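A quick write-up on the structure given underneath.
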Amino acid sequence: MCSIIGYYGKISAAPILVKGLKRMEYRGYDSVGVATESDNRIELKKGIGKVDEVNSKIQLDIMPGKIGIGHTRWATHGKVTDTNAHPHPSNSGKIAIVHNGIIENFEELKQRLENEGYSFKSETDSEIIANLLQKNYELTGDVKETVMKTVSEIKGHYAFVAMFENGQLAAARYHEPLIIGVGKDDFFLSSDVLGFIEYTDDAIYMENGNFVILDKDRFQIWDFDGNHAKYGITKVSKEFGDAYKGDYAHFTLKEIYEQPETILKAGEKTLNAIDKTADYLRHAKNVYITGSGTSYNSALIAKQMFSKYAKIKVEPIMSSELQFSPDSIEENSILIAISQSGESADVLDAVKIAKKAKCKIIAIVNLLTSSLAREADVVIGMNCGPEIGVAATKSFTSQLVIIYKIVQKLSNNEMKIDFDKMSKSISKTLDKPIRIQIVAQKLKNISDIYVLGRGIHYPIAIEAALKLKELTYIHAEGIPGGELKHGPLALMDESVFVLIINPNDSTYLDTLTSAREIKARGSKIIGISDIESDVYDYWIDISNVEELMFPISEIIPIQLLSYYAALEKDTDPDYPRNLAKSVTVK
Numbered sequence: 001m002c003s004i005i006g007y008y009g010k011i012s013a014a015p016i017l018v019k020g021l022k023r024m025e026y027r028g029y030d031s032v033g034v035a036t037e038s039d040n041r042i043e044l045k046k047g048i049g050k051v052d053e054v055n056s057k058i059q060l061d062i063m064p065g066k067i068g069i070g071h072t073r074w075a076t077h078g079k080v081t082d083t084n085a086h087p088h089p090s091n092s093g094k095i096a097i098v099h100n101g102i103i104e105n106f107e108e109l110k111q112r113l114e115n116e117g118y119s120f121k122s123e124t125d126s127e128i129i130a131n132l133l134q135k136n137y138e139l140t141g142d143v144k145e146t147v148m149k150t151v152s153e154i155k156g157h158y159a160f161v162a163m164f165e166n167g168q169l170a171a172a173r174y175h176e177p178l179i180i181g182v183g184k185d186d187f188f189l190s191s192d193v194l195g196f197i198e199y200t201d202d203a204i205y206m207e208n209g210n211f212v213i214l215d216k217d218r219f220q221i222w223d224f225d226g227n228h229a230k231y232g233i234t235k236v237s238k239e240f241g242d243a244y245k246g247d248y249a250h251f252t253l254k255e256i257y258e259q260p261e262t263i264l265k266a267g268e269k270t271l272n273a274i275d276k277t278a279d280y281l282r283h284a285k286n287v288y289i290t291g292s293g294t295s296y297n298s299a300l301i302a303k304q305m306f307s308k309y310a311k312i313k314v315e316p317i318m319s320s321e322l323q324f325s326p327d328s329i330e331e332n333s334i335l336i337a338i339s340q341s342g343e344s345a346d347v348l349d350a351v352k353i354a355k356k357a358k359c360k361i362i363a364i365v366n367l368l369t370s371s372l373a374r375e376a377d378v379v380i381g382m383n384c385g386p387e388i389g390v391a392a393t394k395s396f397t398s399q400l401v402i403i404y405k406i407v408q409k410l411s412n413n414e415m416k417i418d419f420d421k422m423s424k425s426i427s428k429t430l431d432k433p434i435r436i437q438i439v440a441q442k443l444k445n446i447s448d449i450y451v452l453g454r455g456i457h458y459p460i461a462i463e464a465a466l467k468l469k470e471l472t473y474i475h476a477e478g479i480p481g482g483e484l485k486h487g488p489l490a491l492m493d494e495s496v497f498v499l500i501i502n503p504n505d506s507t508y509l510d511t512l513t514s515a516r517e518i519k520a521r522g523s524k525i526i527g528i529s530d531i532e533s534d535v536y537d538y539w540i541d542i543s544n545v546e547e548l549m550f551p552i553s554e555i556i557p558i559q560l561l562s563y564y565a566a567l568e569k570d571t572d573p574d575y576p577r578n579l580a581k582s583v584t585v586k
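Residue numbers (full-length UniProt numbering): 1 to 586.
What follows is the structure in structure tokens.
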């Protein structure tokens, strides 16, 4: 996944492009580049590294011109090199492009273009677009015809912005996000509203299979067949422009510390949607729930919550796996799709499969103008504000709170949850990180850590392992407590740390027994519990809360542990290597 941005206006483009790319860096941070047009000439600079790093070396933000495009990359085709960084010029140098997505037939197109005399400098699939545009523009002499011919030839999921040396910008969208920002005297093209929210809150969310041309202070939108496309201007919530770290060292830490507030806001702006969801579920033929990564772990908890407290059977499905068993979705059922960004390719593909089966789609999503939200019949907003850190933190707890609120409705409010008390318990944990920091120091040189949980705590064990992997690069694995003797016990020795999730509920004694069995093999035990025990080498205490709220109570210290362990290992907690926030490509 990458971020793309374009600017067409009356002031210098380069500073705007660089600032927008910095805000969207969570989408890709292998390399960065900018191209601008001035006096009918395209100037291009790019390099490996993050935005600030590359900008300090080659001064991207002082490039001339009032029209330009920019890009941050998350590599899919080709190594991380200056040459593979975007923008990519065409052979003539008269067109430059930035691209997000994958061109599936790029090898076939590359071979054809090479046979026609075109040469390629990069290993990317993206450079195909630049040279196709050049070929078609030389044939037609018209930007609209050029784009139509080009999109008819490429296959895959993509969004791209092309800049022509005559000062025109063109952009096309096919299954990857692309948004037009409409200012008073200028226009923006961006993967995310963060790219332009500082300048305008008027946005057009381009429909799939549409393209736009910016020229002579106006824009026109067409579908891929050349017909004028309908569109509407949406006011974007200004809260999504609040993407600054403030006094925090990293976005990840800031977002962890926002959770006492964000759990109170979760779903609050879409309470009617929660009521509607509960009504749908009461009469549902079948209920499926899908997500990827952290969102899938939320789905696993939802399964247990719906079953125990609402007596509704829910089948969790990993979004990326549904394409291999689409027949598992029965017609006229309900699919609950969870996604922070609402742009994850696997989740959107799962929704597409469910819609073919005539299923109702319920979306739990942070951005109410996202692709997922537009595909859904019912949309519930996480309402937790922008989450920039690649590893999900506040979005996870917001997802859980929404699940609790749906279950609460299904139980006719017989299930009582004190969210204010929960908020205070989170604050209590966050106010005393010293013990967690001490434990984090012990993880600096270890290579393996296992996380054990039972019942509803097993999904938290999986989520904990995911956070440790993402932030520290330690091999981490979640283990169901009852399966310890069926294989995992063979891995326990003096070199291993095991994190035991063990609140004082119905799982407590069995989990404590498992901890003793592990300790007998020499492993170090980190206990996450509201009760201290001599079996723990290190104890991280949590508040005693209602049993069903323990998952939130116990994930908070694990998020902090992962963060501080990342600092000990000198990794970047905001931007883990090889990962991107929203995986919009397969």
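Ideal Cβ positions, reconstructed from N, Cα and C, are used throughout, including at glycine. Keep in mind it's a predicted model, so treat the numbers as computed, not measured.
| Buried or exposed (CB count within 10 angstroms, at least 16 for buried), residue 375 | Position 375 of the sequence shown, counted from the first residue, corresponds to residue 375. Buried is the call here.
| task | Kindly identify the DSSP beta-bridge partner or partners of residue 460. | result | Against the sequence shown, residue 460 aligns to sequence position 460. None, per the DSSP bridge assignment.
| Does the region 179 to 197 come close enough to the region 19 to 33 that 3 or more CB-CB pairs lie under 8 Å? | Touching, yes, given that three or more Cβ pairs across the two stretches are closer than 8 Å.
| query | Run through DSSP, which three-state label would residue 331 get? | reply | Within the sequence shown, the letter at position 331 stands for residue 331. The three-state reading of DSSP puts residue 331 in coil, since its state is none of H, G, I, E or B.
| query | Can you tell which of 111, 333, 115 and 469 has the C-alpha that lies nearest to the C-alpha of residue 561? | reply | To locate residue 561, count along the sequence shown from 1; it is residue 561. By alpha-carbon distance to residue 561, the top candidate from 111, 333, 115 and 469 is 469.
| Which value, in whole angstroms, describes the spacing of the CA atoms of residue 5 and residue 328? | Counting from one through the sequence shown, the residue named residue 5 turns up at place 5. Counting from one through the sequence shown, the residue named residue 328 turns up at place 328. Rounded to whole angstroms, the gap between the alpha carbons of residue 5 and residue 328 is 39 Å.
| query | What is the C-beta distance between residue 530 and residue 514, in whole angstroms, given that I count them as a contact (C-beta under 8 Å)? | reply | By one-based count along the sequence shown, residue 530 stands at place 530. By one-based count along the sequence shown, residue 514 stands at place 514. Incorrect: roughly 18 Å between the Cβ atoms, too far for contact.
| said: Is the beta carbon of residue 95 closer than 9 Å to that of residue 137? | reply: By one-based count along the sequence shown, residue 137 stands at place 137. By one-based count along the sequence shown, residue 95 stands at place 95. Cβ atoms of residue 137 and residue 95: closer than 9 Å.
| query | Can at least three beta-carbon pairs, one atom from the region 448 to 457 and one from the region 417 to 436, be found at a separation below 8 Å? | reply | Because the criterion of three Cβ pairs below 8 Å is not met, the region 448 to 457 and the region 417 to 436 do not touch.
| query | To the nearest angstrom, how far is it from the Cα of residue 353 to the Cα of residue 157? | reply | Start at 1 with the first residue of the sequence shown, and residue 353 comes out as number 353. Start at 1 with the first residue of the sequence shown, and residue 157 comes out as number 157. Straight-line Cα distance between these residues: approximately 17 Å.
| query | From 67, 40, 39 and 41, pick the residue whose C-alpha is nearest to that of residue 597; which is it? | reply | There is simply no residue 597 to check, as the chain begins at 1 and stops at 586 in what is shown.
| message | My assumption, with CB atoms under 8 Å, is that residue 211 sits in contact with residue 171. Please give the rounded CB distance. | response | As a working note, residue 211 is residue 211 in the sequence shown. As a working note, residue 171 is residue 171 in the sequence shown. Contact between residue 211 and residue 171 holds, since their C-beta atoms are separated by about 6 Å, short of 8 Å.
| request: Please report the residue range of the alpha helix (DSSP H) in which residue 20 lies. | output: Working through the sequence shown from its first residue, we reach residue 20 at position 20. From DSSP, the alpha helix (DSSP H) with residue 20 extends over 13 to 23.
| C-alpha gap between residue 337 and residue 349, whole angstroms | On the sequence shown, residue 337 is found 337 positions in, with the first residue counted as 1. On the sequence shown, residue 349 is found 349 positions in, with the first residue counted as 1. Rounded to the nearest whole angstrom, the C-alpha separation of residue 337 and residue 349 is 11 Å.
| Distance CB(residue 569)-CB(residue 430) smaller than 9 Å | Against the sequence shown, residue 569 aligns to sequence position 569. Against the sequence shown, residue 430 aligns to sequence position 430. Cβ atoms of residue 569 and residue 430: not closer than 9 Å.
| field | Supposed close pair residue 547, residue 505 - CB separation, criterion 8 Å | value | By one-based count along the sequence shown, residue 547 stands at place 547. By one-based count along the sequence shown, residue 505 stands at place 505. The beta carbons of residue 547 and residue 505 sit about 5 Å from each other, so the pair counts as a contact at 8 Å.
| field | 8 Å contact criterion, which residue 159 and residue 78 should meet: CB distance rounded | value | To locate residue 159, count along the sequence shown from 1; it is residue 159. To locate residue 78, count along the sequence shown from 1; it is residue 78. Actually they do not touch by this definition, with Cβ atoms about 19 Å apart.
| query | Between the Cα of residue 498 and the Cα atoms of 510, 534, 538 and 471, which residue gives the shortest distance? | reply | Numbered from 1 along the sequence shown, position 498 holds the residue referred to as residue 498. Measuring from the Cα of residue 498, the nearest candidate turns out to be 538.
| message | If I measure Cβ to Cβ from residue 105 and keep anything under 6 Å in the same chain, skipping five residues before and after, which residues do I get? | response | As a first step, residue 105 must be located in the sequence shown, where it is residue number 105. Excluding positions up to five away in sequence, the list reads 155.
| said: Looking at the secondary structure, which residues open and close the alpha helix (DSSP H) in which residue 142 lies? | reply: Residue numbering aside, residue 142 sits at position 142 when the sequence shown is read from its first letter. Going by DSSP, residue 142 is part of no alpha helix (DSSP H) at all; its letter is neither H nor E.
| field | Three-state secondary structure (DSSP) of residue 528 | value | Locating residue 528 in the sequence shown gives position 528, where the first residue counts as 1. Here DSSP, grouped into helix, strand and coil, assigns residue 528 to strand.
| task | Classify residue 446 as helix, strand or coil using the three-state DSSP reduction. | result | The sequence position of residue 446 within the sequence shown is 446, counting from 1. Of the three classes helix, strand and coil, the one that applies to residue 446 here is coil, per DSSP.
| query | What is the C-beta distance between residue 459 and residue 297, in whole angstroms, given that I count them as a contact (C-beta under 8 Å)? | reply | One-based indexing of the sequence shown puts residue 459 at position 459. One-based indexing of the sequence shown puts residue 297 at position 297. About 5 Å separates the Cβ atoms of residue 459 and residue 297, confirming a contact at the 8 Å cut-off.
| query | Leaving out the 5 sequence neighbours to the left and right, which residues in its chain are closer than 6 Å to residue 177 when beta-carbon positions are compared? | reply | Numbered from 1 along the sequence shown, position 177 holds the residue referred to as residue 177. Excluding positions up to five away in sequence, the list reads 191 and 343.
| message | Does the structure place the region 370 to 386 close enough to the region 216 to 233 that three or more beta carbon pairs sit under 8 Å? | response | At 8 Å Cβ cutoff, the stretches do not touch.
| field | Simplified DSSP state of residue 467, which is helix, strand or coil | value | Here the question's residue 467 lines up with position 467 in the sequence shown. Note: residue 467 maps to helix in three-state DSSP.
| In chain order, what residues of the same chain have a beta carbon less than 7 Å from the beta carbon of residue 252, not counting five sequence neighbours either side? | Position 252 of the sequence shown, counted from the first residue, corresponds to residue 252. Within the same chain, and ignoring the five residues on either side of residue 252 in sequence, the residues whose Cβ sits closer than 7 Å to its Cβ are 389, 391, 393, 563, 573 and 574.
| Member of 525, 427 and 75 whose CA lies at the smallest distance from the CA of residue 605 | Here the chain has residues from 1 to 586 only, and residue 605 is not among them.
| request: Could you please give the first and the last residue of the uninterrupted beta strand (DSSP E) stretch that includes residue 251? | output: To locate residue 251, count along the sequence shown from 1; it is residue 251. Taken as a continuous stretch (DSSP letters only), residue 251 belongs to no beta strand (DSSP E), being part of the alpha helix (DSSP H) at 251 to 257.
| Limits of the unbroken alpha helix (DSSP H) element including residue 347 | As a working mapping, residue 347 is identified with position 347 in the sequence shown. 345 to 356 is the span of the alpha helix (DSSP H), which, as asked, contains residue 347.
| said: Does residue 72 come out as helix, strand or coil in the three-state DSSP assignment? | reply: As a position in the sequence shown, residue 72 is number 72, starting the count at 1. Residue 72: strand per DSSP, three-state reduction.
| message | Could you tell me the alpha carbon to alpha carbon distance between residue 161 and residue 396, rounded to whole angstroms? | response | Translated into the one-based positions of the sequence shown, residue 161 becomes position 161. Translated into the one-based positions of the sequence shown, residue 396 becomes position 396. Going by the C-alpha atoms only, they are around 33 Å apart.
| Would residue 15 pass as a contact of residue 44 if the rule is Cβ separation under 9 Å? | Here residue 15 is taken as the residue at index 15 of the sequence shown, counted from 1. Here residue 44 is taken as the residue at index 44 of the sequence shown, counted from 1. No, the pair does not count as a contact, with Cβ atoms beyond the cut-off.
| said: Just to confirm, is the Cβ distance from residue 274 to residue 406 under 9 Å? | reply: In the sequence shown, counting from the first residue as 1, residue 274 sits at position 274. In the sequence shown, counting from the first residue as 1, residue 406 sits at position 406. Against a cut-off of 9 Å, the Cβ pair of residue 406 and residue 274 comes out as a contact.
| query | Which residues bound the alpha helix (DSSP H) around residue 557? | reply | By one-based count along the sequence shown, residue 557 stands at place 557. 550 to 568 is the extent of the alpha helix (DSSP H) around residue 557.
| query | How many whole angstroms separate the CB atoms of residue 320 and residue 292, which I take to be in contact at a CB cut-off of 8 Å? | reply | On the sequence shown, residue 320 is found 320 positions in, with the first residue counted as 1. On the sequence shown, residue 292 is found 292 positions in, with the first residue counted as 1. With 8 Å as the limit, residue 320 and residue 292 qualify as a contact, their Cβ atoms being about 6 Å apart.
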